[in-house]
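In the working numbering, the protein residues as written are 66 to 140.
We put the beta carbon where it would ideally sit given N, CA and C, even for glycine.
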Amino acid sequence: MKAVKGVHEKGIVRLLEPVSLPDQQEVTVPVPSLEESTHPALRFAGMLQDLTPEEQATFEEALSQRLQFDRIVSR
């Protein structure tokens, strides 16, 4: 699944980037509550979407190592 940002205007959601969907394709749009949309962690939402495959692999490896370390320390 791919996440695409959009803007709600006068009852219509307008996508902010092109998508390759056929006309009349049904989609589901999750709408965050006001509390969710103002959460401080959302400042970082989407910051990893532009990683190259190599950068993504490096990030996932670093995250995996951190999670393994956390499990060892937590015991």
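Asked	Found
Identified DSSP bridge partners for arginine 79	Val72
Whether lysine 70 touches leucine 80 by CB criterion (9 Å)	yes
Serine 98, DSSP secondary structure in three states	coil
Contacts around valine 94, its chain only, beta-carbon distance under 8 Å, and the 5 residues preceding and following it disregarded	Gly71 and Val78
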